[in-house]
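For the sequence shown, the working numbering gives the first residue as 5, with consecutive numbering after it.
We put the CB at the ideal spot given by N, CA and C, even for glycine.
So the structure is just underneath, and the comments pick up after that.
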Amino acid sequence: MNEWLDPLLLARWQFGLTTIYHFLFVPLTIGLATTAAIFQTAWYRTDKVEYLKLTRFFGTIFLINFAMGVVTGIVQEFQFGMNWSEYSRFVGDVFGAPLALEGLLAFFLEATFIGLWIFGWNKLPRGLHLATIWITAIGTILSAYFIIAANAFMQNPVGYELNAERGRAELVDIGALLTNKVALAAFPHTIAASFMVTAGLIISAAAWHLARNRNLDTMRPALKFGLWTMVVSGILTTVFGDQLSLAMVATQPMKMAAAEALFDTACGADASFSIFTLGTPDGTSELFSIRVPYLLSLLSTHSFDGCVEGINDLQAQYQELFGPGDYAPILWVTYWAFRWMIGLGLLHVIIAVVGLWVTRKGRHPKQRWVWTIAIWSFPLSLLAMSVGWVFTEMGRQPWIVFSLLPTESAVSPNVTGLEVLISLVAFTLVYGALAVVEFGLIIRAIRKGPPDVGEPHPETGRHEPATTVY
Numbered sequence: 005m006n007e008w009l010d011p012l013l014l015a016r017w018q019f020g021l022t023t024i025y026h027f028l029f030v031p032l033t034i035g036l037a038t039t040a041a042i043f044q045t046a047w048y049r050t051d052k053v054e055y056l057k058l059t060r061f062f063g064t065i066f067l068i069n070f071a072m073g074v075v076t077g078i079v080q081e082f083q084f085g086m087n088w089s090e091y092s093r094f095v096g097d098v099f100g101a102p103l104a105l106e107g108l109l110a111f112f113l114e115a116t117f118i119g120l121w122i123f124g125w126n127k128l129p130r131g132l133h134l135a136t137i138w139i140t141a142i143g144t145i146l147s148a149y150f151i152i153a154a155n156a157f158m159q160n161p162v163g164y165e166l167n168a169e170r171g172r173a174e175l176v177d178i179g180a181l182l183t184n185k186v187a188l189a190a191f192p193h194t195i196a197a198s199f200m201v202t203a204g205l206i207i208s209a210a211a212w213h214l215a216r217n218r219n220l221d222t223m224r225p226a227l228k229f230g231l232w233t234m235v236v237s238g239i240l241t242t243v244f245g246d247q248l249s250l251a252m253v254a255t256q257p258m259k260m261a262a263a264e265a266l267f268d269t270a271c272g273a274d275a276s277f278s279i280f281t282l283g284t285p286d287g288t289s290e291l292f293s294i295r296v297p298y299l300l301s302l303l304s305t306h307s308f309d310g311c312v313e314g315i316n317d318l319q320a321q322y323q324e325l326f327g328p329g330d331y332a333p334i335l336w337v338t339y340w341a342f343r344w345m346i347g348l349g350l351l352h353v354i355i356a357v358v359g360l361w362v363t364r365k366g367r368h369p370k371q372r373w374v375w376t377i378a379i380w381s382f383p384l385s386l387l388a389m390s391v392g393w394v395f396t397e398m399g400r401q402p403w404i405v406f407s408l409l410p411t412e413s414a415v416s417p418n419v420t421g422l423e424v425l426i427s428l429v430a431f432t433l434v435y436g437a438l439a440v441v442e443f444g445l446i447i448r449a450i451r452k453g454p455p456d457v458g459e460p461h462p463e464t465g466r467h468e469p470a471t472t473v474y
């Protein structure tokens, strides 16, 4: 019973669950803001009513998602003081800087201009109103960068000095913090993956209507847009992921070794990519594996004869540097999360390529299973990005700030396991209810389809939507 009331274990579960739930809304906020901006730009340039309908359709889903993301994001910051006060005390001077920039600059930018966009229909000049949604989209991307910069410090601490007297890290170089090599590599990878998730939603929504022969004039171009976005963003995610893997090998070699279940340092052909590996119960060696020679060396060093450090060698190095302890993450979590991330991402690109082929030149497949596969693009894309985030965070363990602060030293010292358990149950129940509401509203908006925008103005011939469009 005492094991189940371990404050560290429960605090990690609580933060993990709430973070994954919040992260469901982040990629959609980024991608849908830009999607609405693109369709509104198309309407602005062509005056085609189909683009106005798509702007309002995906804009509605964006607003639902944005509201829920704000609510769940606030809870994340509260938890630093609730369950992780030692973490906050140790790195608050550093970690708080990019969070403050995110709140004061990026979030205020989003919040201001999203309001102007919502209430500016038919009040602001068309060009100025279009600018408000583009500024909102830029704000979401800026917000993502500052959050990634904060997280990158946990992966690769830079721009700080340790104050031995006060026992904390203190910020000395904000430039180094914001140009962390991990942040510069993770940011484009995350943004591209966010557009993959958004493309999954667009494909699913369009496929649901097209399978029922509804709203063909708007959903056909939406489907094409979603399929092409999936292909392009999938390619970019792979390219930027390669750069992120180089940064990971340079800063956290144990994470790469765990991702590949590479127990001993290997070079050249021996540095092979694991398709499937079974290890010993103690996690120190492999029993059986299916591997592709040279591939891990190529991915990790961009060389066929490069060397990749193994778990056992790194464990010995870390024990010399940091003292006794187990410095490897939970292998099965990092190993399989890495593969699910890659496998689901590749599957989505394949589905999109096939989708472009079967719908070429205006074709409309009659087979029900074709549309069913397309509809499942959205939940699977969410799963792909979620397991990628699990890999990123779990692969850093047992450190909460790599090489500086172990996770077990970051938990609040005066919080009991029972208190954390109560808050964990409460958050789980509340978030479960919010999930039902959130996805219920999104599904309802998708099923309702693009709104009616009325008749064009008798003098200009343009559709000029009323101010209360949402």
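Three-state secondary structure assigned by DSSP to residue i
i	result
Trp17	helix
Leu9	helix
Pro410	strand
Ala270	strand
Asn316	helix
Thr23	helix
Thr464	Per-residue confidence for Thr464 stands at a pLDDT of 49, beneath the threshold of 50, marking its modelled position as unreliable; the derived number appears in the next sentence. Note: Thr464 maps to coil in three-state DSSP.
Glu165	strand
Val415	coil
Ser278	strand
Arg218	coil
Arg372	helix
Arg367	coil
Ile294	strand
Residue i classed as buried or exposed, judged by whether at least 16 other C-beta atoms fall within 10 angstroms
i	result
Arg478	The chain is shown from 5 up to 474; residue 478 falls before or after that span and cannot be answered.
Phe99	buried
Gln44	buried
Gln256	buried
Gly143	buried
Phe244	buried
Lys452	exposed
Lys57	buried
His306	exposed
Gln401	buried
Pro129	exposed
Gly392	buried
For residue j and residue i, believed in contact at Cβ under 8 Å, the rounded distance
i	j	result
Phe277	Leu303	7 Å
Leu21	Thr411	Not confirmed; about 16 Å, so no contact.
Phe395	Thr338	6 Å
Phe229	Ile206	6 Å
Leu231	Leu351	Rounded, the Cβ-Cβ distance is 14 Å, inconsistent with contact.
Gly399	Ala263	7 Å
Contact check, residue i vs residue j, beta carbons under 7 Å
i	j	result
Gly77	His26	yes
Leu14	Leu445	no
Leu181	Ala173	no
Leu28	Leu386	yes
Ala153	Pro102	yes
Pro383	Val201	no
Ile197	Met234	In the sequence under discussion, the amino acid at residue 197 is Ala, which differs from the Ile named in the question. Going by C-beta atoms, Ala197 is not nearer than 7 Å to Met234.
N-terminal and C-terminal residue of the beta strand (DSSP E) that residue i is part of
i	result
Arg172	172–175
Ile152	Counting along the chain, Ile152 falls outside any beta strand (DSSP E), though it belongs to the alpha helix (DSSP H) covering 130–159.
Trp121	Taken as a continuous stretch (DSSP letters only), Trp121 belongs to no beta strand (DSSP E), being part of the alpha helix (DSSP H) at 112–123.
Ile476	Shown here, the chain extends from 5 to 474; a query on residue 476 therefore has no answer.
Residue-level contact to chain C via CB, residue i, 7 Å cutoff
i	result
Gly204	The displayed structure is made up of one protein chain only, and chain C is not part of it.
Extent of the continuous alpha helix (DSSP H) to which residue i belongs
i	result
Gln80	53–86
Pro31	29–50
Pro333	Looking at the DSSP string, Pro333 is not in any alpha helix (DSSP H), and its letter there is neither H nor E.
Asp97	89–105
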